[in-house]
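For reference, the structure is listed below as structure tokens.
There are 2 protein chains.
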Amino acid sequence: MAPHRAPEPPAGAAAVTENRTGLGEFDRIARFFAPLAADPDAFGLTDDAALLRSSPGRELVVTVDAMVEGVHFLPDDPAELVARKLLRVNLSDLAAMAAAPVGYVLTTALPAQRDDVWLADFARGLALDQATYGIRLLGGDSVSTPGPITLTVTAFGEVEPGRAVRRNGARPDDLVWVTGTIGDGALGLLAATGRLVGATPPHREFLADRYRLPQPRSGLGPALAGLATAMLDISDGLVGDLGHIVETSRVAAEIDAAAIPLSAAATAALAIDPARLSLVLSGGDDYELLFTAPPHAAEDFRRLADRHKVPITPIGRIRAGRGVTVRDAEGVEIRLSRGGYRHF
Amino acid sequence: MAPHRAPEPPAGAAAVTENRTGLGEFDRIARFFAPLAADPDAFGLTDDAALLRSSPGRELVVTVDAMVEGVHFLPDDPAELVARKLLRVNLSDLAAMAAAPVGYVLTTALPAQRDDVWLADFARGLALDQATYGIRLLGGDSVSTPGPITLTVTAFGEVEPGRAVRRNGARPDDLVWVTGTIGDGALGLLAATGRLVGATPPHREFLADRYRLPQPRSGLGPALAGLATAMLDISDGLVGDLGHIVETSRVAAEIDAAAIPLSAAATAALAIDPARLSLVLSGGDDYELLFTAPPHAAEDFRRLADRHKVPITPIGRIRAGRGVTVRDAEGVEIRLSRGGYRHF
Chain A
49 MAPHRAPEPP
59 AGAAAVTENR
69 TGLGEFDRIA
79 RFFAPLAADP
89 DAFGLTDDAA
99 LLRSSPGREL
109 VVTVDAMVEG
119 VHFLPDDPAE
129 LVARKLLRVN
139 LSDLAAMAAA
149 PVGYVLTTAL
159 PAQRDDVWLA
169 DFARGLALDQ
179 ATYGIRLLGG
189 DSVSTPGPIT
199 LTVTAFGEVE
209 PGRAVRRNGA
219 RPDDLVWVTG
229 TIGDGALGLL
239 AATGRLVGAT
249 PPHREFLADR
259 YRLPQPRSGL
269 GPALAGLATA
279 MLDISDGLVG
289 DLGHIVETSR
299 VAAEIDAAAI
309 PLSAAATAAL
319 AIDPARLSLV
329 LSGGDDYELL
339 FTAPPHAAED
349 FRRLADRHKV
359 PITPIGRIRA
369 GRGVTVRDAE
379 GVEIRLSRGG
389 YRHF
Chain B
49 MAPHRAPEPP
59 AGAAAVTENR
69 TGLGEFDRIA
79 RFFAPLAADP
89 DAFGLTDDAA
99 LLRSSPGREL
109 VVTVDAMVEG
119 VHFLPDDPAE
129 LVARKLLRVN
139 LSDLAAMAAA
149 PVGYVLTTAL
159 PAQRDDVWLA
169 DFARGLALDQ
179 ATYGIRLLGG
189 DSVSTPGPIT
199 LTVTAFGEVE
209 PGRAVRRNGA
219 RPDDLVWVTG
229 TIGDGALGLL
239 AATGRLVGAT
249 PPHREFLADR
259 YRLPQPRSGL
269 GPALAGLATA
279 MLDISDGLVG
289 DLGHIVETSR
299 VAAEIDAAAI
309 PLSAAATAAL
319 AIDPARLSLV
329 LSGGDDYELL
339 FTAPPHAAED
349 FRRLADRHKV
359 PITPIGRIRA
369 GRGVTVRDAE
379 GVEIRLSRGG
389 YRHF
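Protein chains in written order, with my numbering: chain A, 49 to 392; chain B, 49 to 392.
Below you can see the structure in the form of structure tokens.
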């Protein structure tokens, strides 16, 4: 994790000064990041690279996600929470491939005004979730930026050879399943920004937490290796993400809006304003798993879900054809448009 | 390589609009990046993650480097060159571990004003160096930013198990070697920014090119696996980087300034202003290998260097003790200070 810098800022470049407390990049790495990299393969972050090893007989999987201040999180969001969300969106991608998390490398581009208090909070968040998910920091890069905080995590997972679950295996008659509850992420963004009119404080808090801190399905995901025919994690919205599965699998899907599992808080929010159904169907940031599997496997899936204490719900079926159709309780198609949804 | 975005910019965040030409992120990925990811393990960039495989019996090595517009490159630098430098600084880190390059994942955080012409040039640069170094794009993330272009590459290499060369193995009496010529990077930054007074146009051009486009030693580096006792690539400057080796190896080093290999352009620049020696000794961005090895191995190293057509030069020796000492042709110690250097 060598600090990476030009010999001096190029002429014409914005001036980038040392951070306020004057701790150099080497000291920052030694203080905040080296304690997170106790694994011998990380070489204490002193080398140019780290070793990357999987368990014997396992295959490695790699994913990468970036977060930018002002785009993916708010400037005032607690650094600890930013760190945990950054790790968790990556862990959710690994779970969606049915891979068990192993470790990660990290890049931080920080403006000079961010002091070591921010970095200490950020490192504490990483440490917390390293412990929660049993992962290790393997290396990284630490640079200055005249712009917003920009963070990148490349995460590594492992899976039995040939058993990673892709998006392209959905087949006609497969059931469409989701984990947990859907729509909390999008409703939570409204709640976190004071725009969820009419919700009770406990519901607002529940939904905002769901938006701020995803719960990657790192236990159940790997258990579905070789069993689910297609899988991804819902980050772009239920209908949009199911669209990715049917497109790469060259099939169609029908989902039953009434079957979509909702939290109590989301149910209450929909009762106040039924138009919020469009957020449930097409809002993002749920980080729940969306997967398909033949109907005869339903009982196996329920047992796995029980074992991992993750609720799973069938919400529809794969068909021959193209596209995603959503039907209400009467079987009438719900059409999504940019402005919301309407019945036909 | 899923485009990653919040459902909408959070309240209070800078507005981030679609790029000017209106190509969405999915289309941008399909047009510019998917052609770079022909490898089946990359799944055409349609999935949440990619497979990461090494050759049978090899161990994987991972490194990561970020570059920020205005810090590591100029806003007007050609996008093709930015792409190639981004890959090459990572490949240089792999070479420094004696690892042969395999592939990489990429994160781009781009401001809305950067149009698809920039991205097309950037992708062409990646394609060029993928071919040059035999590497493949495995995945990535593409986000918007209200700030400067921020790019991260996580690169993967492979090495025989246990033969990666670290920084901590230098032993007393080892020779200190460098590849290529030293100081061109720092002098090249002066040349590229119009500050290398007195140099001829061909010399300015040569040096500026050396600064703009590193030549990672991706052939020789892996050949030194298990042979060099310590190695890194010179990015922080010869003396500073040798300092990293002696610190982690708990030894000292003496180098002979007169033995440091210089390009004709650097020799001319020093003749014009001998004070520029400080840039040769402590300027960065050379991306040459600096390694140590027992003296009896010298002939083996020369043969390997010949085979890979990379000049190597012994410039000093490891001693017991601490720190790095530089001596001039008369054996007098040259002391480096922030302002330059002085004789004692």
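Note that beta-carbon positions come from the ideal geometry of N, C-alpha and C, so glycine has one too.
Because the structure is a prediction, the values reported are computed rather than measured.
Straight-line CA distance for L286(A) to H292(A)?
Reading the first sequence from its first residue, position 238 is the one you call residue 286(A). Reading the first sequence from its first residue, position 244 is the one you call residue 292(A). For L286(A) and H292(A), the gap between their C-alpha atoms comes out near 10 Å.
Cβ shell of E66(A) (< 8 Å), same chain only, five flanking positions each side left out:
Locating residue 66(A) in the first sequence gives position 18, where the first residue counts as 1. No answer about E66(A) holds up, because its pLDDT of 33 lies below 50 and its placement is not dependable.
Please decide whether S103(B) counts as near chain A, where near means a Cβ-Cβ distance under 9 Å.
As a first step, residue 103(B) is located in the second sequence; it is residue number 55 there, counting from the start. For S103(B), the answer is no, since every Cβ of chain A falls outside 9 Å of its Cβ.
Between the CA atoms of A97(B) and G187(B) - distance to the nearest angstrom:
Residue numbering aside, residue 187(B) sits at position 139 when the second sequence is read from its first letter. Residue numbering aside, residue 97(B) sits at position 49 when the second sequence is read from its first letter. Taking the straight line joining both Cα atoms gives about 7 Å.
Residues in its own chain within less than 6 Å of A278(B) by CB, not counting five upstream and five downstream?
For this step, residue 278(B) is matched to residue 230 along the second sequence. For A278(B), where only same-chain residues beyond five positions count, the Cβ hits under 6 Å are R215, G217, A218, I293, S297, T340.
Under the three-state reduction of DSSP, which class applies to A148(A): helix, strand or coil?
Your numbering for residue 148(A) matches position 100 in the first sequence. Three-state DSSP puts A148(A) in a strand.
Report the three-state DSSP secondary structure of S192(B) (helix, strand or coil).
Counting from one through the second sequence, the residue named residue 192(B) turns up at place 144. DSSP places S192(B) in strand when its eight states are reduced to three.
Please confirm whether P194(B) has its beta-carbon closer than 9 Å to some beta-carbon of chain A.
As a position in the second sequence, residue 194(B) is number 146, starting the count at 1. Chain A contact via Cβ: present.
Hey, is F81(A)'s beta-carbon within less than 9 Å of any beta-carbon in chain B?
Here residue 81(A) is taken as the residue at index 33 of the first sequence, counted from 1. So no, F81(A) is outside the interface.
Output, in chain order, the set of chain B residues within a Cβ distance shorter than 8 Å of L329(A).
Your numbering for residue 329(A) matches position 281 in the first sequence. Within chain B, no residue comes near L329(A); the closest Cβ sits about 12 Å away, beyond 8 Å.
Evaluate contact between the stretch 160–176 of chain B and the stretch 206–213 of chain B, counting only Cβ atoms and requiring at least three cross-stretch pairs below 8 Å.
no
Beta-carbon gap between L185(A) and L93(A) smaller than 9 Å:
Here residue 185(A) refers to the residue found at position 137 when the first sequence is read from its first residue. Here residue 93(A) refers to the residue found at position 45 when the first sequence is read from its first residue. Yes, they are a contact pair.
Can you tell me the Cα-Cα spacing of A4(B) and A240(B), whole angstroms?
With chain B covering 49 to 392 only, the question about residue 4(B) has no answer from this structure.
Quick check: what's the CA-CA separation for L280(B) versus L142(B)?
As a first step, residue 280(B) is located in the second sequence; it is residue number 232 there, counting from the start. As a first step, residue 142(B) is located in the second sequence; it is residue number 94 there, counting from the start. Answer to the nearest angstrom: the Cα atoms are 9 Å apart.
Counting only runs of 4+ residues fully inside the stretch 160–244 of chain B, write out the alpha helix (DSSP H) ranges in chain order.
Correct list: 164–181, 232–240.
Which residues bound the alpha helix (DSSP H) around A307(A)?
Residue mapping note: residue 307(A) aligns to position 259 of the first sequence, counting from 1. Element bounds for A307(A): n/a, residue is neither H nor E.
Would you please verify whether the beta carbon of V299(A) is less than 9 Å from any beta carbon of chain B?
As a working mapping, residue 299(A) is identified with position 251 in the first sequence. Proximity of V299(A) to chain B, defined by a Cβ-Cβ separation below 9 Å, is not satisfied.
Beta-carbon proximity of V224(A) to A305(A), cut-off 9 Å:
Within the first sequence, residue 224(A) is the residue found at index 176, counting from 1. Within the first sequence, residue 305(A) is the residue found at index 257, counting from 1. Not in contact: V224(A) and A305(A) (Cβ atoms no closer than 9 Å).
Could you name the residues of the stretch 209–226 of chain A whose beta carbon sits closer than 8 Å to any beta carbon of chain B, in the order they occur along the chain?
A212, R214, R215, N216
Could you tell me which residues DSSP puts in a beta bridge with A98(A)?
Counting from one through the first sequence, the residue named residue 98(A) turns up at place 50. Within the DSSP secondary-structure output, A98(A) pairs in a beta bridge with V110(B).
For G231(B), would you say it is in contact with chain A, using Cβ-to-Cβ distances shorter than 9 Å as the test?
In the second sequence, counting from the first residue as 1, residue 231(B) sits at position 183. No, no contact with chain A.
So, are the CB atoms of R136(B) and P262(B) less than 9 Å apart?
Sequence index remark: in the second sequence, residue 136(B) carries index 88 (1-based). Sequence index remark: in the second sequence, residue 262(B) carries index 214 (1-based). Yes, Cβ-Cβ distance for R136(B) and P262(B) is below 9 Å.
Note down, in chain order, every chain A residue with its Cβ under 8 Å from the Cβ of G186(B).
Position 138 of the second sequence holds residue 186(B). The amino acid at residue 186(B) is misidentified as Gly; the sequence shows Leu. Simply V110.
Is there contact between the stretch 351–371 of chain A and the stretch 245–261 of chain A, where contact requires at least three CB pairs shorter than 8 Å?
no
A316(B) versus E128(B) - alpha carbon distance
Start at 1 with the first residue of the second sequence, and residue 316(B) comes out as number 268. Start at 1 with the first residue of the second sequence, and residue 128(B) comes out as number 80. Roughly 30 Å separates the two Cα atoms.
Please name the residue, chosen from P149(B), L154(B), T156(B), that lies closest to A179(B) on a Cα-to-Cα basis.
Counted from its first residue, the second sequence places residue 179(B) at position 131. For A179(B), the nearest C-alpha among the options comes from P149(B).
Identify the residues that DSSP records as bridge partners of L154(B): which are they?
The residue given as residue 154(B) occupies position 106 in the second sequence. Looking at the DSSP assignment, L154(B) forms a beta bridge with G188(B), V201(B).
So what does A301(A) bridge to, in DSSP terms?
Here residue 301(A) refers to the residue found at position 253 of the first sequence. DSSP output for A301(A) lists I366(A), V372(A) as bridge partner(s).
P343(B) in three-state terms, based on DSSP:
Taking the second sequence and counting its residues from 1, the one referred to as residue 343(B) is at position 295. Looking at P343(B) - three-state DSSP - the assignment turns out to be helix.
C-alpha gap between L244(A) and G267(A), whole angstroms
Numbered from its first residue, the first sequence carries residue 244(A) at position 196. Numbered from its first residue, the first sequence carries residue 267(A) at position 219. Going from the Cα of L244(A) to the Cα of G267(A) covers about 32 Å.
Which class does D284(B) belong to by DSSP, given the choice of helix, strand or coil?
Here the question's residue 284(B) lines up with position 236 in the second sequence. If DSSP states are grouped into helix, strand and coil, D284(B) belongs with coil.
Quick check on V191(A) - is its C-beta less than 9 Å from some C-beta in chain C?
Chain labels in this structure do not include chain C; the protein chains are A and B.
With distance defined between alpha-carbon atoms, name the residue in R252(B), L99(B), S283(B) nearest to A144(B).
As a working mapping, residue 144(B) is identified with position 96 in the second sequence. When each option's Cα is compared against that of A144(B), the closest is S283(B).
Confirm, please, whether the CB-CB distance from G236(A) to D257(A) is below 9 Å.
If you number the first sequence from 1, residue 257(A) lands on position 209. If you number the first sequence from 1, residue 236(A) lands on position 188. With contacts defined as CB atoms closer than 9 Å, D257(A) and G236(A) qualify as a contacting pair.
Against chain A: residues of the stretch 143–156 of chain B by CB proximity under 7 Å:
A144, M145, A147, V153, T155
Are the beta-carbon atoms of R101(A) and D89(A) separated by less than 9 Å?
Position 53 of the first sequence, counted from the first residue, corresponds to residue 101(A). Position 41 of the first sequence, counted from the first residue, corresponds to residue 89(A). For R101(A) and D89(A), yes; Cβs fall inside 9 Å.
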